[in-house]
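Reading through the structure tokens given below for one structure.
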Amino acid sequence: MAYLAFRSATDANKKTQQTAILQAERQAELERSKVDAEAFLRAKTIYEDALSQMEKQLSRVQNQASQLSTDLISEQSTATAMRDQIGQLQAQIRALERTVVALRAQLIAAGMAPVPPSEATGPYLRRRLLGES
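The sequence shown runs 7 to 139 under my numbering.
Below you can see the structure in the form of structure tokens.
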């Protein structure tokens, strides 16, 4: 009977020890889970903050691109208008040069000496009068 009591006590001690080990393992697993959960939350917060900053930066870049596009359209429109104006001014210059040539020819035909070309009349007129065109 003493043997059975000893055996029963030994089994009870083993069970108690196994239960204590299982509880310690569960507690350790619970602690690891808590640490993992906290690490996950920190990582999630960092990720969400980074994502938010990237979205803000993307929005700023899109706004800048939109503004640049608007500016480009405006500059292209201005450049086209200036090219048109340059074309008109060049046509006026050619017409005025023809008028000056015709007036000089009339003066020469009338026996009068025209005023010699000057720098103010520009290189175009001087070349045409000298027959360099």
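Where is the CB? At the ideal position from N, CA and C, for every residue including glycine.
- In the three-state reduction of the DSSP assignment, Val-121 falls in the coil class, being assigned neither a helical nor a strand state.
- Under the three-state reduction of DSSP, Met-7 is assigned to coil, being neither helix nor strand.
- In the three-state DSSP reduction, Ala-116 falls in the coil class, being neither helix nor strand.
- Between the C-alpha atoms of Ala-43 and Glu-35 there is a straight-line separation of about 12 angstroms.
- Taking 4 residues as the shortest admissible run, the stretch 45 to 70 contains no complete alpha helix (DSSP H) segment at all.
- Contact between Pro-120 and Arg-104 is ruled out by a C-beta separation of about 15 angstroms, above the 8 angstroms threshold.
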